[in-house]
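Residue 117 in the working numbering is what sits at position 118 of the sequence shown, and the numbering runs on without skipping anything. All C-beta atoms in this analysis are idealised placements derived from N, C-alpha and C, irrespective of residue type, glycine included. For clarity, every value in this text was computed on a predicted model and none was experimentally measured. Okay, so here's the structure we're looking at.
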Amino acid sequence: MTAVNVVHQLLEDQTGVIVSAVLTPGSHRRLLNMVPPVHPVVYAHHVTMAYNPDAATLAKYRPMEGKRIKVPVTGVGADEKGQAVLVGVDSENEYPHITISVAEGVEAKYSNELLANIDLNHINIFTLEAVVTIEPLDS
Numbered sequence: 000m001t002a003v004n005v006v007h008q009l010l011e012d013q014t015g016v017i018v019s020a021v022l023t024p025g026s027h028r029r030l031l032n033m034v035p036p037v038h039p040v041v042y043a044h045h046v047t048m049a050y051n052p053d054a055a056t057l058a059k060y061r062p063m064e065g066k067r068i069k070v071p072v073t074g075v076g077a078d079e080k081g082q083a084v085l086v087g088v089d090s091e092n093e094y095p096h097i098t099i100s101v102a103e104g105v106e107a108k109y110s111n112e113l114l115a116n117i118d119l120n121h122i123n124i125f126t127l128e129a130v131v132t133i134e135p136l137d138s
């Protein structure tokens, strides 16, 4: 079954998907080197571009699936619960980001709240690479 057929099947089944830009292994290492984790649970894995998108939004991202994209990192924020970097990619999130680390018991999605409520530390912009994926949401 092709990737397009999987997406069509997911839509027909009303199963949600997540569109992500997953960092390449080299970019994952580079990000952790440039922005060392401050909490014990480390992610530094992906940018969520669309979470459970409707059909029209999914259609916007479908042509990008499997493509390698540039991910400029423009700022970093952290508090006692989480740490994330702000990135410059197309995303349905108000604050496109990569969660770097979180405290024990804190979910990665906390980064959305973190970035909405703190002043970011601007950094020298650096660029990562990622591959756009469309995957089913975990049940």
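As assigned by DSSP and simplified to three states, the class of P24: Mapped onto the sequence shown, residue 24 falls at position 25. P24 falls in the helix class under three-state DSSP.
Inter-residue CB distance, A83 and L127 (contact presumed, cutoff 8 Å): Within the sequence shown, the letter at position 84 stands for residue 83. Within the sequence shown, the letter at position 128 stands for residue 127. Not confirmed; about 14 Å, so no contact.
Alpha helix (DSSP H) runs contained entirely in the stretch 47 to 120, provided each spans 4 or more residues: 54 to 60 and 109 to 116
Contacting residues, own chain, Cβ-Cβ under 7 Å from V101 (five flanking each side not counted): Your numbering for residue 101 matches position 102 in the sequence shown. The residues are H38, V40, K80, G81, A107 and Y109.
L136 - DSSP class collapsed to helix/strand/coil: The residue given as residue 136 occupies position 137 in the sequence shown. L136 falls in the coil class under three-state DSSP.
Cβ pair E91, T56 closer than 8 Å: Translated into the one-based positions of the sequence shown, residue 91 becomes position 92. Translated into the one-based positions of the sequence shown, residue 56 becomes position 57. Cβ distance < 8 Å, so E91 and T56 count as in contact.
Identity of the residues DSSP links to A129 by a beta bridge: Counting from one through the sequence shown, the residue named residue 129 turns up at place 130. Looking at the DSSP assignment, A129 forms a beta bridge with L22 and I68.
Proximal residues to Y94 (C-beta, below 7 Å), its chain only, five neighbours per side dropped: Counting from one through the sequence shown, the residue named residue 94 turns up at place 95. Cβ neighbours of Y94 beyond the five flanking positions: L85, N111, L114 and A115.
Check whether G74 and N32 have beta carbons under 8 Å apart: Position 75 of the sequence shown, counting from 1, holds the residue named residue 74. Position 33 of the sequence shown, counting from 1, holds the residue named residue 32. No.
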